[in-house]
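Numbering (my numbering), first residue to last: 5 to 200.
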Ligand SMILES: [Zn+2]
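In structure tokens:
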């Protein structure tokens, strides 16, 4: 999934994959772990370039799900991006219900749309709690909904702050919905997004 620029160094991914293999996961779709399946991932994809891999753990089911969530936490701690329908909802991670996708990029998707990862820092390894979300809660829900339902043109930081990227995505949604594309998520726009 070439969704974004590389944020985490490749050796971090390789270390993680070594941990996963040691811990009983089957590591797939990576050049160092059996190669990349033609037709599943294209040449030039992050999988083919060794910047992404897919994990499984035994047969699909609740036991595997629990193990994949463990690996997801491990990957996140190391600063890697993950794609997995973590909450069991299909959402926009629908292609990733039965395996955990890990890559070195800046975007994670846990089933509710893309979330930008912050670069790993020395102190983040020990940080446990995430900071409270800032900004306007109404605008946050707009950003999250655009990311979830219109990922082709919405890869927004869900921060409740009305920056240029948010205004551009809102305007694009308005244009496609026949609304006045002023980039401001007013009541009519929010209704069209299916928000209360
Ligand atoms: Zn993948």
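Every residue, glycine too, gets a C-beta built ideally from N, C-alpha and C.
* To do: Assign residue 36 to one of two classes, buried (16 or more other C-beta atoms within 10 Å of its C-beta) or exposed (fewer than that).
  => With fewer than 16 other Cβ atoms within 10 Å, it is exposed.
- For residue 119, collect the residues of the same chain with a Cβ closer than 6 Å to its Cβ; drop the 5 residues on either side in sequence, then sort them by chain order. Taken in chain order, the residues that qualify are 112.
Have a look at the DSSP bridge pairing and note the partners of residue 112.
As DSSP reads the structure, residue 112 sits in a beta bridge with 119.
> Less than 7 Å between the CB of residue 34 and some heavy atom of ligand 1, yes or no?
Replying inline: No; taking the cut-off as 7 Å, the Cβ of residue 34 has no heavy atom of ligand 1 nearer than that.
> Using CA coordinates, which residue listed in 51, 150 and 64 is at the minimum distance from residue 158?
Replying inline: Checked all of 51, 150 and 64; the closest Cα to residue 158 is 150.
Going along the chain, which residues of its own chain have a beta-carbon closer than 6 Å to the beta-carbon of residue 10, five neighbours each way excluded? A distance below 6 Å between beta-carbons, with the five flanking residues on each side excluded, links residue 10 to the following residues of its chain, in chain order: 108.
Rank 162, 78, 181 and 46 by C-alpha distance to the C-alpha of residue 147 and give the top, closest one. Among 162, 78, 181 and 46, the Cα nearest to that of residue 147 belongs to 162.
Given residue 116 as reference, the closest of 152, 189 and 176 once Cα atoms are compared: Closest in alpha carbon position to residue 116, among 152, 189 and 176, is 152.
* residue 12, buried or exposed, once every other Cβ within 10 Å from all chains shown has been counted against 16 -> It is buried - the Cβ of residue 12 has at least 16 other Cβ atoms within 10 Å.
Q. Which residues share a DSSP beta bridge with residue 199?
A. By DSSP's assignment, residue 199 forms no beta bridge with any residue.
Notebook entry, point to check: Rounded to a whole number of angstroms, what is the C-alpha to C-alpha distance between residue 160 and residue 144?
Noted result: Answer to the nearest angstrom: the Cα atoms are 10 Å apart.
For residue 17, report the span of its alpha helix (DSSP H) as first-last. Segment 14–26, the alpha helix (DSSP H) holding residue 17.
(message) Given the structure, does residue 58 come close to ligand 1, in the sense that its CB is under 7 Å from one of the ligand's heavy atoms?
(response) At least one heavy atom of ligand 1 is nearer than 7 Å to the Cβ of residue 58, so yes.
Practice prompt. Look up residue 77 in the DSSP assignment and say whether it is helix, strand or coil.
Written response: The three-state secondary structure of residue 77, taken from DSSP, is helix.
How about residue 164 and residue 141: do their beta carbons lie closer than 8 Å? Against a cut-off of 8 Å, the Cβ pair of residue 141 and residue 164 comes out as a contact.
* Return the bridge partner residues of residue 32 from the DSSP annotation. => Note: residue 32 is bridge-paired with 58 in the DSSP secondary-structure output.
**Request:** Could you spell out the range, first to last residue, of the beta strand (DSSP E) harbouring residue 107?
**Result:** First-last of the beta strand (DSSP E) with residue 107: 104–107.
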